[in-house]
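Asker: Following this message is one structure expressed as structure tokens.
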Amino acid sequence: MEKHWWQSATVYQIYPRSFQDSDGEEICMTNFPFEALSQVNDIESLNYVKDKGLTEAEAMPIIRAIGRDNARTPMQWSAAKNADFSKGQPWLPVNPNHLTINVEESLKDSDSIFKTYQQLIELRKSEEWIVYGDFELLESPDNVFAYLRKWRGREFLVVANLSDELQSFTPSCQGSLIIGEASDLLEPWQAYAMEVEKWMFG
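Sequential numbering of the sequence shown, starting at 3, is according to the numbering used here.
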């Protein structure tokens with residue numbers, strides 16, 4: 003699994019907005035490796051190819067990158083035939099990586115992104131600050147995203163390394179960890195959230 007998926011889940015699901023989960027995002031489903039136009043159902047993609055006069059060889063890299071069918075392939079429930087989505091023929095092909103990326107495997111792994119989503123959903127249900135708290139962007143290095151959420155006298159710090167390199171970021175506060183692992187030297191794609199208990203200035 004790509005490390006940035008954990009970072010993205012933590013940062014964006016605690017961001018001030020409605021909870022959002024795209025199809026398969028919670029188990030790290032990836033874009034389908036479309037190889038031929040015959041595998042594509044999306045009318046917009048097919049019309050684009052026709053309007054631009056693209057050859058199949060020219061069109062497929064574009065469709066693999068931004069085609070809408072990427073978000074429409076069958077949910078990958080298990081490694082079984084058709085990913086256990088249907089006993090019939092799915093309207094789109096099942097991603098071949100369903101053999102390793104599927105709900106069944108995610109449920110077995112205590113460190114899976116699925117477990118992180120479960121934690122975040124529970125947090126949103128129990129903590130009003132995630133839904134209603136004010137937002138304040140903090141100064142940070144270019145590759146570090148840091149912000150505060152404030153609600154009824156409580157403050158919460160969210161920090162994320164948005165790069166594949168180590169980043170240094172020392173917040174001017176101490177607190178109790180909510181999710182992730184906090185450190186002054188952030189590992190690639192590391193993210194965490196904590197409740198601020200004490201600010202340190204001067």
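For glycine and all other residues, C-beta sits at the position ideal for the given N, C-alpha and C.
Near V1, what residues of its chain come up, given a Cβ to Cβ distance below 6 Å and the 5 sequence neighbours on each side ignored?
Answerer: Limits of the chain in this structure are 3 at one end and 204 at the other, which puts residue 1 out of reach.
Asker: Would you mind sorting S170 into buried or exposed? The rule is 16 or more other CB atoms within 10 Å of its CB.
Answerer: Counting Cβ neighbours within 10 Å, S170 comes out exposed, since fewer than 16 surround it.
Asker: Rounding to the nearest angstrom, what Cα-Cα distance links E77 and A11 in this structure?
Answerer: It should be pointed out that residue 77 corresponds to Met in this sequence rather than to Glu. Approximately 19 Å, taken between the alpha carbons.
Asker: Our contact map puts E2 next to G182 with C-beta atoms below 8 Å; I'd like the distance itself, whole angstroms only.
Answerer: What the structure shows of the chain is the stretch from 3 to 204, and residue 2 is not part of that stretch, so it cannot be assessed.
Asker: Sorted by chain position, which residues of the same chain lie with C-beta nearer than 8 Å to P95's C-beta, five sequence neighbours on each side aside?
Answerer: Within the same chain, P95 has close Cβ partners F34, Q41 and T75.
Asker: Taking N72 as the reference, which of G55, S128 and D25 has the closest Cα?
Answerer: Nearest of G55, S128 and D25 to N72, Cα basis: D25.
Asker: Starting from F116 and walking both ways along the beta strand (DSSP E), at which residues does that stretch end?
Answerer: Careful: F116 lies outside any beta strand (DSSP E), inside the alpha helix (DSSP H) at I115 to S128.
Asker: Would you call W201 buried or exposed, if buried means 16 or more other Cβ atoms sit within 10 Å of its Cβ?
Answerer: It counts as exposed.
Asker: Let me know the secondary structure DSSP gives W201 once reduced to three states.
Answerer: Strand.
Asker: Thinking just about the alpha-carbon of each residue, which of N145, L168, G90 and E157 is nearest to the one in P190?
Answerer: Ranking N145, L168, G90 and E157 by Cα distance to P190 puts L168 first.
Asker: Going along the chain, which residues of its own chain have a beta-carbon closer than 7 Å to the beta-carbon of W79, five neighbours each way excluded?
Answerer: Cβ within range, chain order: A85, D86, F87, N104, V105 and E106.
Asker: What residue does the alpha helix (DSSP H) around D53 start on, and which one ends it?
Answerer: Looking at the DSSP string, the run of the alpha helix (DSSP H) that includes D53 is I45 to K54.
Asker: Can you list, in chain order, the residues of its chain whose CB lies under 7 Å from that of I65, leaving out five sequence neighbours each side?
Answerer: Hits under 7 Å: F36, V42 and S47.
Asker: Please report the straight-line C-alpha distance between T118 and K54, rounded to a whole angstrom.
Answerer: Whole-angstrom Cα-Cα distance: 42 Å.
Asker: Consult DSSP for W79 and reduce its assignment to one of helix, strand or coil.
Answerer: Here W79 sits in coil by DSSP.
Asker: Taking the beta strand (DSSP E) that L164 falls in, what are its first and last residues?
Answerer: Premise fails: L164 is in no beta strand (DSSP E) and is neither H nor E.
Asker: For A38, is the classification buried or exposed, using 16 other Cβ atoms within 10 angstroms of its Cβ as the cut-off for buried?
Answerer: With fewer than 16 other Cβ atoms within 10 Å, it is exposed.
Asker: So who's on the other strand from Q176, going by DSSP bridges?
Answerer: Partner(s): K200.
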